[in-house]
Amino acid sequence: MRNYTVAVVGATGAVGQTMLKILEERNFPVGKLVPLASSRSAGQQVTFKNQSFTIQETRPEAFNGVDLALFSAGTDISRQLAPEAVKRGAVVVDNSNAFRMNPEVPLIVPEVNPEAIKDHKGLIANPNCSTIQMLVVLKPLHDRAKIKRVVVSTYQAVSGTGLEAIAELNEQCKQVLAGQQVQPSVYPYQIAFNVLPHIDVFDSTGYSLEEWKMTRETKKVMGADIAVTATTVRVPVYYSHSEAVNIETEYKLSPEEARRVLEAAPGVSVVDDPSKLQYPLPIMATGRDEVFVGRIREDFTIDHGLNLWIVADNVRKGAALNAVQVAELIVNKGLL
Ligand code: A2P
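In the working numbering, the protein residues as written are 623 to 958.
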């Protein structure tokens, strides 16, 4: 099998470091690794498959000779440099919000819409972390009973914001427990022992961009006019997002049948026995590849409704793993 020159943009970040780990774990055919970050990190070393590689600054020339580039350094860097990478012949899998809704760019969750990748023009986008884990679970239910409407509330971990946010939660926990004053910096308010109903920027509708991402991306990935209304919330958890999801379906779907469908679904693990205190937890999902679902129960307020609790590692399935799975799809379909 051919080996590829693979660039990871944001290689020092929470997602980038996990991308390196997952490329290694899954034995992706990396011939040469090109780890990229900001000028601040240039010259530092990263270890990949027991070999040391030097981090370079992310500049257009860094993509010369690169076959595949995984971007996770924020929307601005993707906007500026992903087209430069494509111009130089690389296929880009972008984890940012920069290109997701561009009709020329496939938005892929491999368990949901792998076929959409064939139309790529050099750029492929990863959906938002909260959207990915929700859709891995909703797709098989939609295929069975046709989902019309979704009401979702998220409980999102600070790792989604990046390494600085992980450090901020750590620091604030210590400060609060020591009875010291907290100085928020990454978030507008204290995140330790608190909950912030605010992820990304608000617009004139009163919704946040994170909430709109769930609404818009669901329609694009599922290829269906499913109505999604979301409330996205940051909680003082390090890793793994949780979601309380209510669905209304066209056809009747009992909790038992939903459980059977989900037990057979790719990438899903059903943990659902409340009588034995079995339900998904962030600490259970962290470091794992599956999306966990439980608390599957009927919504008695409507004719065809279910409530679900969905948890997944936001840095893995919500970002790095999904990007590597997309890369595997590109290679396996001969699209590189
Ligand atoms: P660096 O460590 O050099 O700042 P996180 O999401 O964990 O905060 O990580 C963000 C990632 O994006 C890091 O790898 C960071 O690199 C990278 N990054 C930030 N700013 C730039 C930039 N201007 N050019 C390239 N990479 C950047």
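Beta carbons: idealized from backbone N, C-alpha and C, even for Gly. No experiment lies behind these values; they were computed from the predicted model shown.
| Query | Result |
| --- | --- |
| What is the DSSP secondary structure of proline 902, reduced to helix, strand or coil? | coil |
| State whether the segment 796–803 contacts the segment 877–897, with contact taken as three or more CB pairs (one from each stretch) at a distance under 8 Å. | no |
| Let me know the secondary structure DSSP gives arginine 917 once reduced to three states. | strand |
| Since glutamate 872 and lysine 770 are thought to touch, with beta carbons under 8 Å apart, how far apart are those beta carbons, to the nearest angstrom? | 6 Å |
| Taking 7 Å as the cut-off, does the CB of arginine 856 come closer than this to any heavy atom belonging to the ligand A2P? | no |
| For isoleucine 757, I'd like the list of residues in its chain whose CB is within less than 6 Å of its CB, leaving aside the five on either flank, ordered along the chain. | Note on identity: in this sequence residue 757 is leucine, with isoleucine being the wrong assignment. So the list reads Val731, Val734 and Val843, once near-sequence residues are dropped. |
| Mind reading off the beta-carbon distance from proline 858 to alanine 814? Whole number of angstroms is fine, and I expect it under 8 Å. | 6 Å |
| Taking Cβ to Cβ, would you say valine 772 is nearer than 8 Å to proline 819? | no |
| State yes or no: is the C-beta of aspartate 935 within less than 8 Å of the C-beta of arginine 910? | yes |
| Less than 8 Å between the beta carbons of valine 892 and leucine 884, yes or no? | yes |
| Classify leucine 703 as buried or exposed, calling it buried when 16 or more other Cβ atoms lie within 10 Å of its own Cβ. | buried |
| Bridge partners for phenylalanine 824 per DSSP, in chain order? | Ser830 |
| If you measure from the CB of alanine 942, is any heavy atom of the ligand A2P nearer than 7 Å? | no |
| Mapping the DSSP letters down to three states, classify alanine 767 as helix, strand or coil. | helix |
| Measure the Cβ-Cβ separation of leucine 958 and leucine 690 and say whether it is below 8 Å. | yes |
| If I follow the unbroken beta strand (DSSP E) through asparagine 929, where does it start and stop? | 927–934 |
| Would you identify the three-state DSSP class for proline 858, choosing helix, strand or coil? | coil |
| Let's test the definition: count the other Cβ atoms within 10 Å of the Cβ of asparagine 686 and tell me whether it reaches 16, buried, or not, exposed. | exposed |
| Name the residue from Asn672, Lys671 and Val656 whose alpha carbon lies nearest to the alpha carbon of glycine 665. | Val656 |
| How many angstroms separate the CA atom of phenylalanine 922 from the CA atom of aspartate 847? | 24 Å |
| Can you tell me whether leucine 958 is helix, strand or coil according to DSSP? | coil |
| Tell me the residue span of the alpha helix (DSSP H) that contains lysine 643. | 636–647 |
| Helix or strand or just coil, what does DSSP make of asparagine 792? | helix |
| Please determine whether the Cβ atom of arginine 938 lies at a distance below 7 Å from any heavy atom of the ligand A2P. | no |
| First and last residue of the beta strand (DSSP E) that includes isoleucine 869? | 863–871 |
| Looking only at its own chain, which residues have a Cβ that is under 8 Å from the Cβ of valine 688, when we skip the five neighbours before and after it? | Thr627, Val628, Ala629, Val656, Ala707, Arg710, Gly711 and Ala712 |
| Counting only the same chain and skipping the five closest in sequence on each side, list residues whose C-beta sits under 7 Å from that of arginine 766. | Leu875 and Val883 |
| For alanine 747, which beta-bridge partners are listed by DSSP? | Asp716 and Leu729 |
| For glutamine 794, tell me which candidate among Tyr811, Met836, Ala945 and Lys841 has the shortest Cα-Cα distance. | Tyr811 |
| Looking at the structure shown, is valine 808 part of a helix, part of a strand, or coil, going by DSSP? | coil |
| When the Cα atoms are used, what is the spatial distance from isoleucine 932 to serine 694? | 24 Å |
| On a CA-only basis, which of Gln678, Ala949 and Gly889 is nearest methionine 754? Give me that one, please. | It is worth fixing the name first, because residue 754 is isoleucine in this sequence and not methionine. Among Gln678, Ala949 and Gly889, the Cα nearest to that of isoleucine 754 belongs to Gly889. |
| Hey, could you find the ends of the beta strand (DSSP E) glutamine 673 is sitting in? | 673–676 |
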